[in-house]
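K.L.:
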Amino acid sequence: MSMSAVLRGRGSVRSGLLFVKKSYRLIYTQKMAEKSAEYTSTNGFESKTPFLIGVAGGTASGKSTVCQRIVEKLGQQHKEQTERRVVCISQDSFYRTLSPSERMRAERGQFNFDHPDAFDDKKLLAVLKDILAGKKVEVPEYDYITNSISPHRSHTIYPADVVLIEGILVFYFPEVRELFHMKLFVDTDSDTRLARRVPRDIMERGRDLEQVLNQYMNFVKPAFEEFCLPTKKFADVIIPRGADNLVAIDLIVQHISDYLKRSPSEKPEFASVPSVSDSPHRSGKSGRPH
Numbered sequence: 005m006s007m008s009a010v011l012r013g014r015g016s017v018r019s020g021l022l023f024v025k026k027s028y029r030l031i032y033t034q035k036m037a038e039k040s041a042e043y044t045s046t047n048g049f050e051s052k053t054p055f056l057i058g059v060a061g062g063t064a065s066g067k068s069t070v071c072q073r074i075v076e077k078l079g080q081q082h083k084e085q086t087e088r089r090v091v092c093i094s095q096d097s098f099y100r101t102l103s104p105s106e107r108m109r110a111e112r113g114q115f116n117f118d119h120p121d122a123f124d125d126k127k128l129l130a131v132l133k134d135i136l137a138g139k140k141v142e143v144p145e146y147d148y149i150t151n152s153i154s155p156h157r158s159h160t161i162y163p164a165d166v167v168l169i170e171g172i173l174v175f176y177f178p179e180v181r182e183l184f185h186m187k188l189f190v191d192t193d194s195d196t197r198l199a200r201r202v203p204r205d206i207m208e209r210g211r212d213l214e215q216v217l218n219q220y221m222n223f224v225k226p227a228f229e230e231f232c233l234p235t236k237k238f239a240d241v242i243i244p245r246g247a248d249n250l251v252a253i254d255l256i257v258q259h260i261s262d263y264l265k266r267s268p269s270e271k272p273e274f275a276s277v278p279s280v281s282d283s284p285h286r287s288g289k290s291g292r293p294h
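Quick note: the sequence shown uses the working numbering, first residue 5, plus one each step.
#1: Quick one, are the C-beta atoms of F238 and F177 less than 9 Å apart?
#2: Are there three or more Cβ pairs, one per stretch, closer than 8 Å when the segment 143 to 163 is compared with the segment 250 to 268?
#3: Identify whether Y176 lies in helix, strand or coil by the three-state DSSP scheme.
#4: DSSP on E142, reduced to helix/strand/coil?
#5: Sort S94, R88 and E84 by Cα distance to F123 and report the nearest one.
#6: Taking just the CA atoms, how far does M186 sit from T227?
#7: In the DSSP output, which residue or residues are listed as bridge partners for A247?
#8: Going by CA-CA distance only, name the one from K126, E76 and I74 that's closest to E179.
#9: Report back the beta-carbon spacing between V90 and L78 to the nearest angstrom; my notes put them in contact at under 8 Å.
#10: Tell me whether K83 sits in a helix, a strand or coil according to DSSP, three-state version.
#11: Give me, in chain order, the residues of the same chain whose beta-carbon lies closer than 6 Å to that of F189; leave out the 5 immediate sequence neighbours on both sides.
#12: Can you tell me which of D134, Y146 and K140 puts its alpha carbon nearest to the alpha carbon of F117?
#13: Any idea if N222 is buried or exposed, counting beta-carbon neighbours within 10 angstroms, 16 or more meaning buried?
#14: If you run the structure through DSSP and keep just helix, strand and coil, what is L136?
#15: Go through its chain and collect everything with a Cβ distance to L198's Cβ below 8 Å, but skip five positions before and after it.
#16: If I measure Cβ to Cβ from V296 and keep anything under 6 Å in the same chain, skipping five residues before and after, which residues do I get?
#17: Closest by CA to T196, which one among A247, E230 and P163?
#18: Under 9 Å between the Cβ atoms of R201 and V216?
#19: Can you check whether the CB of L56 is closer than 9 Å to the CB of L136?
#20: Less than 9 Å between the beta carbons of I169 and C232, yes or no?
#21: Three-state secondary structure (DSSP) at F184?
#22: Using C-beta distances below 7 Å, list every residue in its chain close to D134, excluding the 5 sequence neighbours before and after it, in chain order.
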């Protein structure tokens, strides 16, 4: 029986509050709680062994912005890398190296970067395991202009207490998905996502309008419906409207903050949320785009 909590609603303070079925008032699912307990017994939540949070959602849904908001609200954005207790990593850093013919197709906007095969999931898995082991890791920087990993540029990720991994397909690969202790899905309307993607790709990634629209219709939209959207069922928390859902972000930040305040020997507790309504229907229509 699913106990997934869904943050839904619109137009009022309820826009970010938790509405779940009667008696199911936990922010986290039972499965996630059991997994976290197992992780605690294995690793003891020793200092700098992180709580791993996956953040999925469609292209331009606001995943990275949600992560930024979380970091900002926790007061971590101006800290030195070696002192940060909360850090973010993008799945884009794990695009695989393209062959010469694939690179030519990518330059013409004819390569599907939203397909699971575009990612090096084995490398992502290895890096996440190193992070969970409390190791310092080097995460490559992806160049959207050349469609390749920058050979001389990378980010050093030092051991932290909380690590957020955002990407369109972070829940797609089972071995990667099972590593997360909390899974968030940023659920933003498809029209809004397209409206954000067009200017971003033109201004930041050097593409023209025709190429952006063709790529969206031929690859991005079909891949979202086939590969990304089905992974929403794995989410512990669904965030309609992304970073605009301030109440939802505040709830998540509060639970992360509570976790950070605990001593390394303390097990994380999954606190219940006071019920606002026993029926999800009182929150209005769902924020789901499809």
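Note that beta-carbon positions come from the ideal geometry of N, C-alpha and C, so glycine has one too.
P.N.:
Per the coordinate set shown:
#1: Counting from one through the sequence shown, the residue named residue 238 turns up at place 234. Counting from one through the sequence shown, the residue named residue 177 turns up at place 173. No, the pair does not count as a contact, with Cβ atoms beyond the cut-off.
#2: no
#3: The residue given as residue 176 occupies position 172 in the sequence shown. Residue state, collapsed to three classes: coil.
#4: As a position in the sequence shown, residue 142 is number 138, starting the count at 1. In the structure shown, E142 sits in a strand (DSSP, three-state: E or B).
#5: As a working note, residue 123 is residue 119 in the sequence shown. Closest by alpha carbon: S94.
#6: Residue numbering aside, residue 227 sits at position 223 when the sequence shown is read from its first letter. Residue numbering aside, residue 186 sits at position 182 when the sequence shown is read from its first letter. The amino acid at residue 227 is misidentified as Thr; the sequence shows Ala. Whole-angstrom Cα-Cα distance: 24 Å.
#7: If you number the sequence shown from 1, residue 247 lands on position 243. For A247, which the question treats as bridged, DSSP gives no partner whatsoever.
#8: Locating residue 179 in the sequence shown gives position 175, counting from the first residue. Among K126, E76 and I74, the Cα nearest to that of E179 belongs to K126.
#9: The residue given as residue 90 occupies position 86 in the sequence shown. The residue given as residue 78 occupies position 74 in the sequence shown. Confirmed, about 5 Å.
#10: Numbered from its first residue, the sequence shown carries residue 83 at position 79. In this structure, K83 counts as coil in the three-state DSSP scheme.
#11: By 1-based counting over the sequence shown, the position of residue 189 is 185. For F189, where only same-chain residues beyond five positions count, the Cβ hits under 6 Å are A60, G61, K236, A239 and I242.
#12: Here residue 117 refers to the residue found at position 113 when the sequence shown is read from its first residue. F117 has its Cα closest to that of Y146, out of D134, Y146 and K140.
#13: Walking along the sequence shown from the start, residue 222 turns up at place 218. So N222 ends up on the exposed side.
#14: In the sequence shown, counting from the first residue as 1, residue 136 sits at position 132. Three-state DSSP puts L136 in a helix.
#15: Along the sequence shown, read from residue 1 onward, the residue named residue 198 stands at position 194. Excluding positions up to five away in sequence, the list reads A64 and Y220.
#16: The structure shown has nothing for residue 296, since the chain only spans 5 to 294.
#17: As a working mapping, residue 196 is identified with position 192 in the sequence shown. Among A247, E230 and P163, the Cα nearest to that of T196 is on A247.
#18: Looking up residue 201 in the sequence shown gives position 197. Looking up residue 216 in the sequence shown gives position 212. Yes, the pair counts as a contact, with Cβ atoms nearer than the cut-off.
#19: Residue mapping note: residue 136 aligns to position 132 of the sequence shown, counting from 1. Residue mapping note: residue 56 aligns to position 52 of the sequence shown, counting from 1. Taking 9 Å as the Cβ cut-off, L136 and L56 qualify as a contacting pair.
#20: Within the sequence shown, the letter at position 165 stands for residue 169. Within the sequence shown, the letter at position 228 stands for residue 232. Taking 9 Å as the Cβ cut-off, I169 and C232 do not qualify as a contacting pair.
#21: Position 180 of the sequence shown, counting from 1, holds the residue named residue 184. It is coil, neither helix nor strand.
#22: For the purposes of this step, residue 134 is taken as the residue at position 130 of the sequence shown. Here the set comprises V141.
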